[in-house]
Every structure is written in structure tokens, then in C-alpha cells.
Amino acid sequence: MNNDRYGAGTKVTHNLTGLFGVMEGVFSDLRTGLPQQMIEIHEAMRLLVIVEAKAAIVGEIYARQAPLQELIGGGWLMVAVKDPDSAVIDWFVPRTGFVRWERAGSELPVVNKSAEWYSGHYGHLSPALVRANAVSPEVAHA
1247 MNNDRYGAGT
1257 KVTHNLTGLF
1267 GVMEGVFSDL
1277 RTGLPQQMIE
1287 IHEAMRLLVI
1297 VEAKAAIVGE
1307 IYARQAPLQE
1317 LIGGGWLMVA
1327 VKDPDSAVID
1337 WFVPRTGFVR
1347 WERAGSELPV
1357 VNKSAEWYSG
1367 HYGHLSPALV
1377 RANAVSPEVA
1387 HA
């Protein structure tokens, strides 16, 4: 993406405009994209919608609705369907359709503070479980 042209520039000088964009400082150029800082340090995320219904029914609705085909089929929106009568979850894959989702077998790493997980890393990290109410060594010995 050409963030200079389609992005929102720096978020330091943003002025919210009309609840649909920002103006950068006093320059009055309406910017509707993401701030540069968002695309430099954050991985792009898509909305995940989980529908409790039969996959066949959701598939029929998808087949009839061009806007859904554009959003879901184009990968702008992720959809999972949870069968109401079982623990089965089907995941929509563009150009393939619904496929069965299988849970990965590994457990999440557990840390006391998020800094323990991300410190010294740049880029994408897999999830970790941060313990609630973990007592830091400084507090424990105070």
C-alpha cells in the first residue's frame, strides 16, 4: 500500500474529521487510511465473525449475496461457522469454501508479564497467556 498517498501520515498531528477520517495538522488534507505507525509495528488484522449455524445454511446465504462474496471471498472478513449441535467449527477459505477447523495441539506459553514475551523481539509473535495478578519479584520482596 502506498501509505504516503492513501494512508493517514503520522498520527502525531491528527485532527479527527467527520468521524470518517483525519486531517493532518493545519494542512487540511483529508486522510482516510491507517497512520504510518500502524503499518510499521502492527500486523494487519481482519475481523473474524463466528456464526452459530449449520455451514450449509451459511454457504447458501453466501452464494446469494454479492456483498458477502466480495467481503468474505475477497479475504476482507474472516468467517467461522460453529455447528449448534456439536463442537464442529468450519472455517471459510476463499476460492475453496468451508473447511473443517482443527485445533492445534500445542499449549500456550505462560508468562508473568507481557514484556517477558515480547522483549527483544521485532515482528510477529505467537500468542502467550499472561498470568492474572502475577506478583513481580520487586513487589514480593518489598
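If you read the sequence shown in the working numbering, its first letter stands for residue 1247, the second for the next number, and so on.
Positions of the beta carbon are idealized from the N, C-alpha and C atoms, including for glycine.
- Residues near Arg1377 in its chain [Cβ-Cβ closer than 8 Å; skip 5 each side]: Position 131 of the sequence shown, counted from the start, is the residue given in the question as residue 1377. Cβ neighbours of Arg1377 beyond the five flanking positions: Val1356, Val1357 and Asn1358.
- DSSP on Glu1304, reduced to helix/strand/coil? In the sequence shown, the residue the question calls residue 1304 occupies position 58. It is worth fixing the name first, because residue 1304 is Val in this sequence and not Glu. If DSSP states are grouped into helix, strand and coil, Val1304 belongs with the helices.
- Query: Whose C-beta lies closer than 7 Å to the C-beta of Ile1318 among residues of the same chain, with five residues either side of it excluded?
  - Reply: Locating residue 1318 in the sequence shown gives position 72, counting from the first residue. Here the set comprises Tyr1308, Val1325 and Phe1338.
- Message: Suppose you measure from the CA of Arg1349 to the CA of Ala1333; what does that come to, to the nearest Å?
- Response: Position 103 of the sequence shown, counting from 1, holds the residue named residue 1349. Position 87 of the sequence shown, counting from 1, holds the residue named residue 1333. Straight-line Cα distance between these residues: approximately 11 Å.
- Message: Can you tell me whether Leu1314 is helix, strand or coil according to DSSP?
- Response: Walking along the sequence shown from the start, residue 1314 turns up at place 68. Three-state DSSP puts Leu1314 in a helix.
- Task: List the residues that DSSP assigns as beta-bridge partners of Glu1298.
- Result: Locating residue 1298 in the sequence shown gives position 52, counting from the first residue. Its beta-bridge partners are Lys1328.
- Bridge partner(s) assigned by DSSP for Trp1337: Numbered from its first residue, the sequence shown carries residue 1337 at position 91. In the DSSP output, where bridge partners are listed per residue, Trp1337 has Ala1326 and Val1345.
- Could you please give me the residues that DSSP links to Met1375 through a beta bridge? In the sequence shown, the residue the question calls residue 1375 occupies position 129. As written in the sequence, residue 1375 is Leu, which differs from the Met given in the question. Beta-bridge pairing links Leu1375 to Val1356.
- Candidates Pro1330, Thr1342, Met1291 and Glu1362: which alpha carbon is nearest Val1297's? Sequence index remark: in the sequence shown, residue 1297 carries index 51 (1-based). Of Pro1330, Thr1342, Met1291 and Glu1362, the residue nearest in Cα terms is Pro1330.
- How big is the Cα-Cα spacing for Ala1312 and Ala1361? The residue you call residue 1312 lines up with position 66 of the sequence shown. The residue you call residue 1361 lines up with position 115 of the sequence shown. Their Cα atoms are separated by approximately 44 Å.
- Item | For Val1295 and Ser1372, the rounded distance between their alpha carbons | As a first step, residue 1372 is located in the sequence shown; it is residue number 126 there, counting from the start. As a first step, residue 1295 is located in the sequence shown; it is residue number 49 there, counting from the start. So the alpha carbons of these two residues sit roughly 21 Å apart.
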